[in-house]
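Asker: Take a look at the following structure, please.
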Amino acid sequence: MVTIYTVDSFTRELFKGNPAGVCTSFQDVSSSTNLDILFQKIATEMNISETAFITKANESSSNSRYFLQWFTPTNEVDLCGHATLATAHILFEKYLQNSSIDELIFETKKVGELKVKKCDNQGRLQLDFPMGNPQPIELNSEIINEIKSKLNITQDIHAIELCKRTKKLLIHISSIDDNIKPQQNLIDIDFPSSIRSFIRGIILTSDSKTYDFISRYFAPWNGILEDPVTGSAHTALTVYWSRLLNKTILNGYQKSARGGHIECELDEKNQRVFLRGYAVTVMQGQLQIQKDYLLEKKDYSE
264 MVTIYTVDSF TRELFKGNPA GVCTSFQDVS SSTNLDILFQ KIATEMNISE TAFITKANES
324 SSNSRYFLQW FTPTNEVDLC GHATLATAHI LFEKYLQNSS IDELIFETKK VGELKVKKCD
384 NQGRLQLDFP MGNPQPIELN SEIINEIKSK LNITQDIHAI ELCKRTKKLL IHISSIDDNI
444 KPQQNLIDID FPSSIRSFIR GIILTSDSKT YDFISRYFAP WNGILEDPVT GSAHTALTVY
504 WSRLLNKTIL NGYQKSARGG HIECELDEKN QRVFLRGYAV TVMQGQLQIQ KDYLLEKKDY
564 SE
């Protein structure tokens, strides 16, 4: 059978944070085996923001090194923070609980190696991710008004930056409240052709009395109207707010309905961002089909 877990990331409470699917059943299969169509079908069936899949890293027999992929219900994505945290959480909790291994290395298609290590014995983990690179851009008033209309933004906009590395548009507004509501037709905004391919999500962010910053994230381009807690967005948010506040360690809170807290640290010298948080296992289940059959089938179009 094929085993799948669901994990709530960036929280210590059930039903908070960001849920992710984690499939570990193919960890003994070489990453050179193309299972993308199968993984996409499983992710579509799971129907949560991202499902992560690990396979065997090329030429590696180590229990600390894997090849990692992430799929939304509609497509594969280059990077997903909360599903990476969820994957490491499951490996440490279910497979490496009696091992001395305290750091995992994930090879990826697009973003190089990602490292996740234990921070302590209480379940807190640290993600080591590439640093985002948000840069100021100018958008005409028509596009800005369309964004405000489609997200129901009434607050003042302080800055707009684009992170091409993570394909996220970052918009700093004066405050974030529950009146902000995403619409699917965000994807209809006619961004300039020079940046259109670099926008797969919109981050709204503001300062906060409780945290260094708060945010919300919308990604209908990836089939996700609003993501509850987004690790990859915080690789850009960390850079942006570090420059504004002149500090390298920041506390962020994603103010979605589920909500989640991420401690962020900027290592500008090495171009990395460290994201720290907890995760909790919610469910374990099985696909009612044999893994060997799936590996032999090859064609999953039927």
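So the working numbering is basically just the index in the sequence shown, starting at one, shifted up by 263.
Glycine is no exception: its CB is placed at the ideal position from the N, C-alpha and C atoms.
Compare the beta carbon distance of R463 and Q517 with 8 Å and say whether it is the shorter of the two.
Answerer: Cβ distance not < 8 Å, so R463 and Q517 don't count as in contact.
Asker: Please determine whether the Cβ atom of V492 lies at a distance below 7 Å from any heavy atom of the ligand SAM.
Answerer: As presented, the structure is devoid of all ligands, the ligand SAM included, so that no description of it is given.
Asker: Looking only at its chain, what residues have a beta carbon closer than 7 Å to the beta carbon of L402, apart from the 5 residues adjacent to it on each side?
Answerer: Only I423 meet the Cβ criterion.
Asker: Quick check on the DSSP output: the alpha helix (DSSP H) that includes N408 runs from which residue to which?
Answerer: Counting along the chain, the alpha helix (DSSP H) containing N408 begins and ends at 404-414.
Asker: Fully enclosed by the region 522-550, which beta strand (DSSP E) runs are 3 residues long or longer?
Answerer: The region 522-550 contains these whole beta strand (DSSP E) runs: 523-530, 535-540, 542-550.
Asker: What is the DSSP secondary structure of Q447, reduced to helix, strand or coil?
Answerer: Here Q447 sits in helix by DSSP.
Asker: Measure the Cβ-Cβ separation of G540 and E528 and say whether it is below 8 Å.
Answerer: Result no, Cβ atoms of G540 and E528 do not sit closer than 8 Å.
Asker: Ignore the nearest five residues each way along the sequence and tell me which others in L388's own chain have a CB closer than 8 Å to its CB.
Answerer: Closer than 8 Å at the Cβ level, and outside the excluded window around L388, lie L348, A351, H352, F355, V379, K380, K381, C382, R539, G540, Y541, A542.
Asker: Determine the DSSP secondary structure at S505, reduced to helix, strand or coil.
Answerer: Three-state result, S505: helix.
Asker: In this structure, how does DSSP classify S325 when only helix, strand and coil are distinguished?
Answerer: Coil at S325, not helix or strand.
Asker: Ends of the alpha helix (DSSP H) at Q303?
Answerer: Run containing Q303: 299-309, per the alpha helix (DSSP H) assignment.
Asker: Please report the straight-line C-alpha distance between L513 and N442, rounded to a whole angstrom.
Answerer: Whole-angstrom Cα-Cα distance: 26 Å.
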